[in-house]
Amino acid sequence: MTFALTCENLVKRYDGTAVVDHVGFHIDTGEAYGLLGPNGAGKTTTISMLVGLLRPDEGSVHVGGIDLASDPIAAKRLIGYVPQEIALYPELTARENLRYFGRLYGLGRRRLAVRIAEVLEAVGLTERGDDKVQTYSGGMKRRANIGVALLHEPRLLILDEPTVGVDPQSRVAILDSVEGLVADGMSMLYTSHYMEEVERVCTRVGIIDKGRVVADGTRRELVAELGGTDKVDLVLEGDVDTAAAKLRTVEGVTDAAVTGQNTVRLLAVGGRHLLPALLAAVEGTAQVTGVEVIEPDLEAAFLHLTGSTLRD
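Numbering that gives the first Met the number 0 applies: residue 0 is where the sequence shown begins, and numbers increase by one.
Encoded structure:
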């Protein structure tokens, strides 16, 4: 099987210190893959090697089966790269920027005209295509930046923090555009400091910390590394202490503690499935007036694996 991207044992050293230390992962064709890590984890350096801006000290990168080191031009033709910084000419309109970059990509005049119209539609800028980029909001500039990366119909789109510094409305518009590309089968590498974006867009996630990939898998697989323990809060009326003691005996419950005047917090495996047994256990002792099940999420898995939050 030919993957959209494969990197193996990537190493980059500065002053003898490995800031990227044998990083490896792959992206399936048509897959959106999220790369997460705290600041300084090595994400940007890794991406710079994936797109050919930095030469790795060790390791290899293949894009669509093409070795980036031995055939960089062919490999780069398959990549659309959206960097963190806006890479547009502000004095030009969006359409003029697209025309300029399209010629650099080698697109013919007729084909380029078609692609410009398609790209402006894809990123929601058709009506503003003839306005200068310097008049755009931050979110519109980022959408135009994505448009440039899409012009040559790449097989792999790499987006490095595409929503950083934009207002909430623009962020929603960018995510809608990205989701549309994923739905159309675009292979994608996506980094963000917003966990909810990665959960929304990506089917698989790699977590990088201190230059190494410490976990790789689906959201469910990463969360499973926490042991699958849910928190279940039961609000009770009645003998709360006795109810807590009974709840500890339910199979699947690892702990039950009174956390408030009328609340018992349980730690349990498969909390939602245990609810009938939990209700039965307190029957005759207390009445359940409220239930909340708190399942571990990707943020919790990230904290567990790296010891920090995503924005640290």
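Think of the CB as a built atom: it goes at the ideal place given N, C-alpha and C, for glycine as much as any other residue.
All values reported here derive from a predicted model rather than from experimental measurement.
Proximity to GLY79 [Cα-Cα], best of LEU188, VAL234 and VAL239: Along the sequence shown, one-based indexing puts residue 79 at 80. It is LEU188 whose Cα lies nearest to the Cα of GLY79.
Check this for me: beta carbons of ASP254 and LEU266, under 8 Å apart or not? Position 255 of the sequence shown, counted from the first residue, corresponds to residue 254. Position 267 of the sequence shown, counted from the first residue, corresponds to residue 266. Closer than 8 Å, so yes.
Check whether the segment 190-200 and the segment 149-168 touch, using three or more Cβ-Cβ pairs below 8 Å as the test. yes
Helix, strand or coil at TYR99 [DSSP, three-state]: For the purposes of this step, residue 99 is taken as residue 100 along the sequence shown, with counting starting at 1. Three-state DSSP puts TYR99 in a helix.
If you draw a straight line from the alpha carbon of GLU7 to that of ILE115, how long is it in whole angstroms? In the sequence shown, residue 7 corresponds to position 8, counting from 1. In the sequence shown, residue 115 corresponds to position 116, counting from 1. Using only the alpha carbons, I get a separation of about 35 Å.
Ends of the alpha helix (DSSP H) at ASN144? Taking the first residue of the sequence shown as position 1, residue 144 is located at position 145. Segment 137-149, the alpha helix (DSSP H) holding ASN144.
Out of VAL281, THR262, GLY259 and ASP240, point me to the one whose CA is closest to THR249's CA. Along the sequence shown, one-based indexing puts residue 249 at 250. Checking the sequence shown, residue 249 turns out to be Val, not Thr. Of the listed residues, the one whose Cα sits closest to VAL249 is VAL281.
Per DSSP, what kind of secondary structure is ARG154 in: helix, strand or coil? On the sequence shown, residue 154 is found 155 positions in, with the first residue counted as 1. In the structure shown, ARG154 sits in coil (DSSP, three-state: anything other than H, G, I, E or B).
Cα-Cα separation, GLY39 to GLY107: The count along the sequence shown starts at 1 and reaches residue 39 at position 40. The count along the sequence shown starts at 1 and reaches residue 107 at position 108. Taking the straight line joining both Cα atoms gives about 41 Å.
Below 8 Å CB to CB, which residues in the same chain sit around GLU224 once its five sequence neighbours on both sides are set aside? Along the sequence shown, read from residue 1 onward, the residue named residue 224 stands at position 225. Closer than 8 Å at the Cβ level, and outside the excluded window around GLU224, lie ALA214, ALA300, HIS303 and LEU304.
Just curious, the beta strand (DSSP E) that ILE293 is in, first and last residue? In the sequence shown, the residue the question calls residue 293 occupies position 294. Looking at the DSSP string, the run of the beta strand (DSSP E) that includes ILE293 is 285-293.
Whole-angstrom C-beta distance between VAL118 and LEU97, which should lie under 8 Å: Counted from its first residue, the sequence shown places residue 97 at position 98. Counted from its first residue, the sequence shown places residue 118 at position 119. Rounded, the Cβ-Cβ distance is 6 Å, consistent with contact.
Please state if the CB of ARG142 and the CB of SER186 are separated by a distance shorter than 8 Å. Within the sequence shown, the letter at position 187 stands for residue 186. Within the sequence shown, the letter at position 143 stands for residue 142. Going by C-beta atoms, SER186 is not nearer than 8 Å to ARG142.
Which of helix, strand or coil does DSSP assign to GLY23? In the sequence shown, the residue the question calls residue 23 occupies position 24. It is a strand residue.
Compute the Euclidean distance between the alpha carbons of ALA276 and ALA285, then round it to the nearest angstrom. For the purposes of this step, residue 276 is taken as the residue at position 277 of the sequence shown. For the purposes of this step, residue 285 is taken as the residue at position 286 of the sequence shown. So the alpha carbons of these two residues sit roughly 14 Å apart.
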